DNA sequence: AGTGGCTCCTGGCGGC
DNA sequence: TGCCGCCAGGAGCCAC
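In the numbering used here, the protein residues as written are 362 to 674.
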């Protein structure tokens, strides 16, 4: 899933070849990819020169003279500098002069593209929170944003209005690095913990960028290269595997409809901490699932009908 | 206003 | 072997 580090990787790769080229044509292969028609996109973009490549949150911004070609990869979107489609359906193609085609593939068809007048950039991104690496994203900002929130910490991190660019993988990894449990109520995070979370977010995202992203599903950069961050993940996608720090089995719960991975030993939930309502429910669901699966139960105790020990609740 | 559930979409996988 | 049903999840929408 392309998040900030993957999108940054895409932008850096495109920045080596697109600036200076002139957009010659746009072809829409899947109407779902844009609310704007092919004609509208062409009218807005054709004949304009690429000035720069930028990123805002998880959005790729191809900055042309006076207008932005904005792409969101969502789940499975891929921008490739490829000579041909290789048989896969192409959602859109941007053709540049001289002789450079940028192809957009997207298996699940969630990805979107927009032509945005440069003057409307702020309005277009108005709902996005600060950039993690921007001057605005300080520990003080994070403390203020967390204050009073009752949602789980994990859900808070996924909310693009609070901080832009964090997705499921980097949220789980940052919480592990900060040694914070994902079901803690966001507003219950103390000042020292907010500092840890702030630092952990930046370190985790930077590590992702350094490794050119995580190639978990289908992510590859525009040259078709895979990232390497998936090789050093601490918790994401490692359910049941030993924590790299302490050896405890990594656990998984579902929070806000998203798979959430954590180490129960490195990210403990001290008694008395305020949990998010959704977090409590998630932990209860996991306990129930474990009970049904017989996890933790000793190999079939003969006839002893549910002796109370460590029982439900 | 904040929270959380539902929806979109399809390849891949587990189960029967 | 083949088919069915479920799962993954970013972000927008909606109900409470």
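Note that CB positions come from ideal geometry on N, CA and C, so glycine has one too. Just so you know, these numbers come straight off a predicted model, no measurement behind them.
Closest residue to residue 546 among 583, 506, 589, 525 (Cα-Cα distance): Of the listed residues, the one whose Cα sits closest to residue 546 is 506.
Residue 630 versus residue 404 - alpha carbon distance: Each residue's Cα considered, the two are about 55 Å apart.
The region 537-546 touching the region 580-587, judged by at least three CB pairs closer than 8 Å: No, they do not touch.
Contact check, residue 469 vs residue 529, beta carbons under 8 Å: In terms of Cβ geometry, residue 469 and residue 529 do not form a close pair [threshold 8 Å].
Proximity of residue 454 and residue 388 at Cβ, strictly below 8 Å: It is a contact, given that the beta carbons lie within the stated cut-off.
Simplified DSSP assignment, three categories, for residue 640: The DSSP-derived three-state label of residue 640 is helix.
Three-way DSSP call (helix, strand, coil) for residue 450 in this model: DSSP places residue 450 in coil when its eight states are reduced to three.
CB of residue 408 within 8 Å of CB of residue 383, strictly: Going by C-beta atoms, residue 408 is nearer than 8 Å to residue 383.
Residues bridged to residue 620 [DSSP beta-bridge criterion]: Answer is 615.
Beta-carbon spacing of residue 533, residue 458 below 8 Å: No.
Spatial neighbours of residue 462 in its chain, beta-carbon cut-off 8 Å, leaving aside the 5 residues before and after: Here the set comprises 442, 443, 444, 454, 455, 456.
Inter-residue Cα distance where the pair is residue 464 and residue 474: The straight-line gap from Cα to Cα measures roughly 12 Å.
Inter-residue spacing [alpha-carbon to alpha-carbon] between residue 368 and residue 643: Those two C-alpha atoms are separated by around 30 Å.
Rounded separation between residue 550 and residue 586 - CA only: Going by the C-alpha atoms only, they are around 39 Å apart.
Three-state secondary structure (DSSP) of residue 605: In the structure shown, residue 605 adopts coil according to DSSP, grouped into three states.
Residue 515 versus residue 460: straight-line alpha-carbon distance, rounded: When the Cα atoms are used, residue 515 and residue 460 turn out to be separated by approximately 44 Å.
Supposed close pair residue 639, residue 617 - CB separation, criterion 8 Å: At roughly 6 Å, the Cβ-Cβ gap stays under 8 Å, so residue 639 and residue 617 are in contact.
Residue closest to residue 411, alpha-carbon to alpha-carbon, out of 430, 504, 420: Nearest C-alpha to residue 411 among 430, 504, 420: 430.
DSSP state of residue 592 mapped onto helix, strand, coil: Helix, per DSSP.
Alpha-carbon to alpha-carbon, residue 466 and residue 374: Rounded to whole angstroms, the separation of the alpha carbons of residue 466 and residue 374 is 17 Å.
Enclosing alpha helix (DSSP H) for residue 470 [first to last residue]: It is not in any alpha helix (DSSP H) - residue 470 carries neither H nor E in the DSSP assignment.
Sequence ranges, alpha helix (DSSP H) only - wholly within the region 387-414, length at least 4: Within the region 387-414, the complete alpha helix (DSSP H) runs of at least 4 residues are 399-406.
Rounded straight-line distance, which links the Cα of residue 563 to that of residue 491: Each residue's alpha carbon lies about 13 Å from the other.
Assigned exposure category for residue 395 - 16 Cβ within 10 Å defines buried: Buried, by the Cβ-count rule.
Residues near residue 416 by beta carbon distance below 6 Å, same chain, minus five either side: For residue 416, the CB contacts under 6 Å within the same chain, skipping 5 residues up- and downstream, are 368, 369, 372 in chain order.
Within the region 490-529, ranges of the alpha helix (DSSP H) (whole runs, at least 4 residues): If we require 4 residues or more, the alpha helix (DSSP H) runs fully inside the region 490-529 come out as 500-507, 514-519.
Simplified DSSP state of residue 652, which is helix, strand or coil: Residue 652 sits in a helix when the DSSP states are folded into three classes.
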